[in-house]
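Down below is the structure, laid out as structure tokens.
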Amino acid sequence: MPDQATILHADLDSFYASVEQLLDPSLRGKAMAVGGGVVLAASYEAKAFGVRGGMSGRKARELCPHLIFVRGHFDQYQRLGDAAIDVMRDFTPVVERISIDEAFADVAGCTHLFGTPEEVARIIRRRVRDELGLPISVGVARTKHLAKVASQVAKPDGLVVVPAGTEMEFLHDLPVGLMWGVGPVTEGKLKDEGILTIGQLAATPGKSLRGLLGDAVGDKLSDLARDRDTRSVQTRHSARSAGAQSALGRQPATEAVFKPTLRHLADRVTARLRAKSLAGRTITVRIRFADMRSITRSVTLDAPISATVMVAEIAEDLVRTALKEHPRETVISLLGVSVSHIGAQPHIQLELPLGLIDEKHRPGTRQGIARWSADRAMDKARTRFGREAIGYAIAQLQPRSSVPDAFRELAEKF
DNA sequence: TCTGGGGTCCTAGGACCC
DNA sequence: TCTGGGGTCCTAGGACCC
């Protein structure tokens with residue numbers, strides 16, 4: 001365990017909204033949001049009215065009648081997010097990006113070149129402001145968790161350093177909701193026990209927390225509240241699953257609806273897997289009904305697959321079976337397809353999966369290989385001519401979704 | 001308050017194995 | 001006839017994060 005505060009967590013403030021205010025000066029200082037039906041990001045001026053990401057556009061307008069909505073400039077988010085992370089990489093290669101607008105860095109190895117971690121953090125903030133025109137908050141601490149909490153405390157547009165040795169003091173009066181891993185449900189359970197601050201959490205016996213929250217969450221929160229975070233900054237990590245989903249509004253739960261939708265979703269997911277030479281053994285579908293309750297159904301094969309039609313047909317079987325189990329549900333509002341148990345795409349798929357797949361679709365058969373080859377050819381054509389240039393005819397019938405494709409592309413970048 | 005899309009990890013019960 | 005114990009895998013659901 002390092003004994004110096006060398007971990008930085010940097011987080012671009014209200015990122016999408018800040019970019020829009022950068023691109024269009026007339027938006028600066030105003031309550032504005034990116035999105036329409038749903039708020040994807042809100043400016044600080046809008047947040048002052050209670051507008052939050054994920055909120056419906058209608059609710060946002062109720063809270064803030066003069067709210068300005070703008071369509072996103074998604075290519076710019078990608079470019080500016082990359083540029084901000086690259087500023088951190090100018091100091092150290094030990095950078096762990098955790099989203100489009102957020103990253104950890106460990107500067108332990110570069111302080112002899114650039115000064116103390118606090119000085120590095122100041123330079124990063126200044127450069128992102130000067131070179132990109134964006135506000136970024138930074139936390140500096142001995143552990144990832146502390147650095148992350150510190151950057152939240154630093155917002156907006158601030159810097160908070162937690163010197164080594166002062167961690168418990170820093171955490172003591174902060175609300176438990178600031179901890180990584182405490183959401184509304186956990187916060188509610190803790191509140192019911194009278195535990196409101198991280199100091200109170202640290203004083204609660206681990207055994208009680210395990211009983212209240214389950215073994216894993218109880219142990220994790222015990223450790224974090226007592227500043228026992230041993231995670232290091234990871235520069236690489238491999239994906240464990242890949243998925244796609246689509247909200248449908250209100251659609252009848254019929255084959256005519258779910259078949260083309262699943263084909264489209266399977267195509268999106270498997271194209272991404274094939275682009276990284278990956279394949280997965282477990283196919284999971286999610287169905288959300290009219291009342292927003294959702295169910296999942298999954299099947300695990302003996303061998304990994306990545307062919308569009310194979311994933312699509314398995315997904316169709318799972319949905320068909322699940323809908324038969326819920327005959328009273330006649331309306332669906334969302335479908336999702338996800339592939340997990342991901343590993344490298346084997347060159348020749350010899351293992352035969354059991355379960356729902358009938359013989360002609362097994363990966364190791366000639367048909368399976370032919371389909372995989374056809375998908376690879378299609379992927380190449382798309383790379384040259386664009387995503388919309390080619391696709392399974394049935395998947396092309398999909399109506400345009402409420403979310404711009406550019407945002408989907410962005411969300412895929414992990 | 002009828003609410004988008006991409007992920008990660010954990011839990012609990014059952015099947016199965018030694 | 002109240003009948004072990006440990007481990008792994010699978011499935012379905014849920015909490016959480018950005």
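Residue numbering for the first sequence follows the UniProt record's numbering, beginning at 1 and increasing consecutively. The C-beta atom is built at its ideal place from N, Cα and C for all residues, glycine as well.
Inter-residue Cα distance where the pair is residue 496 and Phe49: Limits of the chain in this structure are 1 at one end and 414 at the other, which puts residue 496 out of reach.
Touch test, the segment 236 to 246 against the segment 208 to 217, Cβ-Cβ under 8 Å, three pairs minimum: Contact between the segment 236 to 246 and the segment 208 to 217 is absent, because fewer than three Cβ pairs lie under 8 Å.
DSSP bridge partner residues for Ser340 (one or two, in chain order): Within the first sequence, numbered from 1, the residue matching residue 340 stands at position 340. According to DSSP, Ser340 bridges with Ser241, Thr282.
9 Å Cβ cutoff met for Ser298 and Ala279: Numbered from its first residue, the first sequence carries residue 298 at position 298. Numbered from its first residue, the first sequence carries residue 279 at position 279. No, the pair does not count as a contact, with Cβ atoms beyond the cut-off.
Which residues DSSP lists as bridging Asp11, in chain order: Counting from one through the first sequence, the residue named residue 11 turns up at place 11. In DSSP, Asp11 forms a bridge with Glu102, Ser137.
Paired residues, beta bridge with Phe289 - DSSP: The residue you call residue 289 lines up with position 289 of the first sequence. Answer is Ile332, bridged to Phe289.
Enclosing alpha helix (DSSP H) for Leu171 [first to last residue]: As a first step, residue 171 is located in the first sequence; it is residue number 171 there, counting from the start. For Leu171, the enclosing alpha helix (DSSP H) covers residues 167 to 172.
Sequence-distant residues of the same chain with beta carbon closer than 8 Å to Gly81, five excluded per side: By one-based count along the first sequence, residue 81 stands at place 81. Same-chain partners within the cutoff: Leu12, Phe15, Ile100, Asp101.
Candidates Val319, Ala121, Thr186: closest to Thr92 by CA position: Position 92 of the first sequence, counted from the start, is the residue given in the question as residue 92. That would be Ala121, whose Cα lies nearest to the Cα of Thr92.
Beta-carbon proximity of Ala303 to Arg272, cut-off 9 Å: As a first step, residue 303 must be located in the first sequence, where it is residue number 303. As a first step, residue 272 must be located in the first sequence, where it is residue number 272. Not a contact, by the Cβ cut-off of 9 Å.
Pair within 9 Å by beta-carbon distance, Leu329 and Phe258: As a working note, residue 329 is residue 329 in the first sequence. As a working note, residue 258 is residue 258 in the first sequence. First, the amino acid is wrong: residue 329 is Glu here, not Leu. The Cβ atoms of Glu329 and Phe258 do not sit closer than 9 Å to each other.
Sheet register partners of Val160 (DSSP bridge): Within the first sequence, numbered from 1, the residue matching residue 160 stands at position 160. Under DSSP, the beta-bridge partners assigned to Val160 are Gly139.
Sheet register partners of Ile295 (DSSP bridge): In the first sequence, residue 295 corresponds to position 295, counting from 1. Ile295 has Ile287 as its beta-bridge partners, per DSSP.
Sequence-distant residues of its chain with Cβ nearer than 6 Å to Arg288 (five each side left out): The count along the first sequence starts at 1 and reaches residue 288 at position 288. These residues qualify, in order along the chain: Ser294, Ser333, Leu334.
Where Met179 falls, given that 16 or more other Cβ within 10 Å makes a residue buried: Here residue 179 is taken as the residue at index 179 of the first sequence, counted from 1. Met179 is buried by the Cβ-count criterion.
Presumed contact (8 Å Cβ cut-off) between Gln245 and Arg210, rounded CB distance: Reading the first sequence from its first residue, position 245 is the one you call residue 245. Reading the first sequence from its first residue, position 210 is the one you call residue 210. Between Arg210 and Gln245 the Cβ distance is about 33 Å, and since that is not below 8 Å, they are no contact.
Cβ-Cβ distance between Val38 and Met55 below 9 Å: Position 38 of the first sequence, counted from the first residue, corresponds to residue 38. Position 55 of the first sequence, counted from the first residue, corresponds to residue 55. Yes; because the gap between Cβ atoms is below 9 Å, this pair is in contact.
8 Å CB neighbourhood of Pro163 in its chain, flanking five on each side removed: By one-based count along the first sequence, residue 163 stands at place 163. Cβ contact annotation for Pro163 (same chain, cutoff 8 Å, sequence separation greater than five): Ala5, in chain order.
Contact set for Val182: own chain, Cβ-Cβ below 8 Å, skip 5 residues either direction: By 1-based counting over the first sequence, the position of residue 182 is 182. The answer, listed in chain order, is Val176, Leu190, Leu221.
Ile85 to Val34 span [Cα, whole Å]: Along the first sequence, read from residue 1 onward, the residue named residue 85 stands at position 85. Along the first sequence, read from residue 1 onward, the residue named residue 34 stands at position 34. The C-alpha of Ile85 lies about 22 Å from the C-alpha of Val34.
Pairwise C-alpha distance: Ile7 and Met88: The residue labelled residue 88 in the question sits at position 88 within the first sequence. The residue labelled residue 7 in the question sits at position 7 within the first sequence. Distance from the CA of Met88 to the CA of Ile7, rounded to the nearest whole angstrom, comes to 12 Å.
Boundaries (first-last residue) of the alpha helix (DSSP H) holding Val309: Here residue 309 is taken as the residue at index 309 of the first sequence, counted from 1. Where Val309 is concerned, the enclosing alpha helix (DSSP H) stretches over 308 to 325.
Cβ distance (whole Å) where His145 is taken to contact Leu224 below 8 Å: For the purposes of this step, residue 145 is taken as residue 145 along the first sequence, with counting starting at 1. For the purposes of this step, residue 224 is taken as residue 224 along the first sequence, with counting starting at 1. Sure, about 5 Å apart at Cβ, within 8 Å.
Sequence-distant residues of the same chain with beta carbon closer than 7 Å to Gln152, five excluded per side: Here residue 152 corresponds to residue number 152 of the first sequence, with the count starting at 1. Around Gln152: Leu178.
Proximity to Thr230 [Cα-Cα], best of Arg58, Thr111, Ala141: The residue given as residue 230 occupies position 230 in the first sequence. Comparing C-alpha distances from Thr230 to each of Arg58, Thr111, Ala141 shows the shortest one belongs to Ala141.
Within 9 Å, strictly: CB atoms of Ser137 and Pro117: The sequence position of residue 137 within the first sequence is 137, counting from 1. The sequence position of residue 117 within the first sequence is 117, counting from 1. For the 9 Å CB-CB criterion, Ser137 and Pro117 do not form a contact.
Inter-residue spacing [alpha-carbon to alpha-carbon] between Pro252 and Val331: As a working mapping, residue 252 is identified with position 252 in the first sequence. As a working mapping, residue 331 is identified with position 331 in the first sequence. Going by the C-alpha atoms only, they are around 5 Å apart.
Secondary structure of Gln345, DSSP reduced to three states: To locate residue 345, count along the first sequence from 1; it is residue 345. In the displayed model, Gln345 falls within coil according to three-state DSSP, outside both helix and strand.
Straight-line gap, Val160 to Met292 (C-alpha atoms, nearest Å): Along the first sequence, read from residue 1 onward, the residue named residue 160 stands at position 160. Along the first sequence, read from residue 1 onward, the residue named residue 292 stands at position 292. Their Cα atoms are separated by approximately 40 Å.
DSSP state of Ala33 mapped onto helix, strand, coil: Within the first sequence, numbered from 1, the residue matching residue 33 stands at position 33. Taken through DSSP and simplified to helix, strand or coil, Ala33 comes out as strand.
Within 9 Å, strictly: CB atoms of Arg277 and Gln345: The residue given as residue 277 occupies position 277 in the first sequence. The residue given as residue 345 occupies position 345 in the first sequence. For clarity, residue 277 is Ser in the given sequence; the question names Arg instead. Against a cut-off of 9 Å, the Cβ pair of Gln345 and Ser277 comes out as a contact.
First through last residue of the alpha helix (DSSP H) which encompasses Glu258: The sequence position of residue 258 within the first sequence is 258, counting from 1. The sequence given here places Phe at residue 258; Glu does not occur at that position. Segment 255 to 275, the alpha helix (DSSP H) holding Phe258.
Best match in Asp267, Ala60, Gly139 for proximity to Gly36 [C-alpha to C-alpha]: For this step, residue 36 is matched to residue 36 along the first sequence. When only C-alpha atoms are compared, the closest one is Ala60.
Own chain residues within Cβ distance below 6 Å of Gly57, not counting five before or after: As a first step, residue 57 is located in the first sequence; it is residue number 57 there, counting from the start. Excluding positions up to five away in sequence, the list reads Gly36, Gly37.
Neighbour-count burial assignment, His9, 16 or more Cβ in a 10 Å radius: Taking the first residue of the first sequence as position 1, residue 9 is located at position 9. The residue in question, His9, is buried, as its Cβ has 16 or more Cβ neighbours within 10 Å.
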